[in-house]
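Encoded as structure tokens, the structure appears first; notes follow it.
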Amino acid sequence: MTIVVPVSGAAGAAAAATLASLSAAVAKWLNRTDLDLVIPDFIRMAEAEFARDVRLRAGFQIVVDGGHAPAGDISLPGDLLELKELEFAGQVLSELPYADWRRRREGLFFARVGEVARVLGKPAGEFMLTYVQRLPQLLFSSDSNWLLRDHFDMYLYKSCEIGSVWLRDVEGVQGYSVKYEEAAQKLLQAINYRKWGGAPLAVQAPGVV
Numbered sequence: 268m269t270i271v272v273p274v275s276g277a278a279g280a281a282a283a284a285t286l287a288s289l290s291a292a293v294a295k296w297l298n299r300t301d302l303d304l305v306i307p308d309f310i311r312m313a314e315a316e317f318a319r320d321v322r323l324r325a326g327f328q329i330v331v332d333g334g335h336a337p338a339g340d341i342s343l344p345g346d347l348l349e350l351k352e353l354e355f356a357g358q359v360l361s362e363l364p365y366a367d368w369r370r371r372r373e374g375l376f377f378a379r380v381g382e383v384a385r386v387l388g389k390p391a392g393e394f395m396l397t398y399v400q401r402l403p404q405l406l407f408s409s410d411s412n413w414l415l416r417d418h419f420d421m422y423l424y425k426s427c428e429i430g431s432v433w434l435r436d437v438e439g440v441q442g443y444s445v446k447y448e449e450a451a452q453k454l455l456q457a458i459n460y461r462k463w464g465g466a467p468l469a470v471q472a473p474g475v476v
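For any residue, its number in the numbering used here is found by taking its place in the sequence shown, counting from 1, and adding 267.
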């Protein structure tokens, strides 16, 4: 069973945002009518940037997925962006590099081997994965996702920035990059307000209460 923990429930006109409407907006903002074949590339590359931007991960969907592993090997989900926790047989496991994991003989550890999480000792048992889900890609004209619906401007500005690179428009690259950064900061501020009521974050020395 997979449980998705929603991050945002904003509704309104943006809820109708789709790949088709985004593509049309990119063409309009770039003021071009001959980019139909390359605009999908701009959007794919924008989604790759979103996945690499670690600042945004606090806003990505958290998914809880579980099942049974007959021999301690757990296939990791294809949409996994960041593994938060692996629980096996009711106990939370710690991840080790594969070389260290091989030297262990006992303990609550696992290592990743390709796209598989291998539990030390390869026991059978029930598992539960908690992970950050990669942003669902926009593949078909009617496709949408939470970021496009709630933060259409981020998709638009990043796609236009990449499009400006393709068009060799240096001024456009700089302008859209600034607009994207402004939109990203607003998203991070919204996440902060939702989680912490807008309180500033402070780092304390160990042992300080």
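Even for Gly, the Cβ is constructed at its ideal location relative to N, Cα and C.
Sequence-distant residues of the same chain with beta carbon closer than 7 Å to residue i, five excluded per side
i: Asp284; result: Going by the sequence as given, residue 284 is Ala instead of Asp. The answer, listed in chain order, is Ser411, Leu415, Arg416 and Phe419.
i: Ile429; result: Phe309, Met312 and Ala313
i: Ala325; result: Ile458
i: Gly357; result: none
C-beta contact flag for residue i and residue j at 8 Å
i: Leu302; j: Phe407; result: no
i: Gly334; j: Gly388; result: no
i: Trp368; j: Phe376; result: yes
i: Val399; j: Lys351; result: yes
i: Trp413; j: Val305; result: no
i: Ala451; j: Arg322; result: yes
Three-state secondary structure assigned by DSSP to residue i
i: Leu375; result: coil
i: Phe309; result: helix
i: Asp301; result: coil
i: Asp320; result: coil
i: Ala384; result: strand
i: Gln404; result: coil
i: Gly430; result: helix
Pairwise C-alpha distance: residue j and residue i
i: Leu289; j: Leu402; result: 16 Å
i: Val475; j: Thr397; result: Confidence in Val475 is poor, its pLDDT being 42 and thus under 50, which makes the residue's placement unreliable; the coordinate value appears in the next sentence. Their backbone Cα atoms lie some 30 Å apart in a straight line.
i: Phe386; j: Ala378; result: It is Val, not Phe, that sits at residue 386 in the sequence shown. C-alpha separation (whole angstroms): 7 Å.
i: Ala292; j: Ser431; result: 14 Å
i: Lys425; j: Val437; result: 14 Å
i: Gly439; j: Gly345; result: 35 Å
i: Met421; j: Pro307; result: 16 Å
i: Ser409; j: Leu423; result: 16 Å
i: Gln441; j: Leu348; result: 28 Å
i: Ala391; j: Ile341; result: 10 Å
i: Ala294; j: Val331; result: 38 Å
i: Gln456; j: Phe327; result: 14 Å
i: Trp296; j: Ala315; result: 21 Å
i: Leu353; j: Arg435; result: 45 Å
i: Val445; j: Arg372; result: 52 Å
Of the residues the options, the one placed nearest residue i, counting alpha carbons only
i: Pro364; options: Gly374, Val380, Glu352 and Gln452; result: Val380
i: Phe394; options: Trp433, Ala336, Asn298 and Arg435; result: Ala336
i: Val383; options: Phe327, Val399 and Glu362; result: Glu362
i: Asn298; options: Gly442, Cys427, Gln441 and Leu455; result: Cys427
i: Phe317; options: Gln404, Tyr460 and Ser342; result: Gln404
Own chain residues within Cβ distance below 8 Å of residue i, not counting five before or after
i: Arg370; result: none
Contacting residues, own chain, Cβ-Cβ under 6 Å from residue i (five flanking each side not counted)
i: Ala277; result: Per-residue confidence for Ala277 stands at a pLDDT of 41, beneath the threshold of 50, marking its modelled position as unreliable; no derived number is given.
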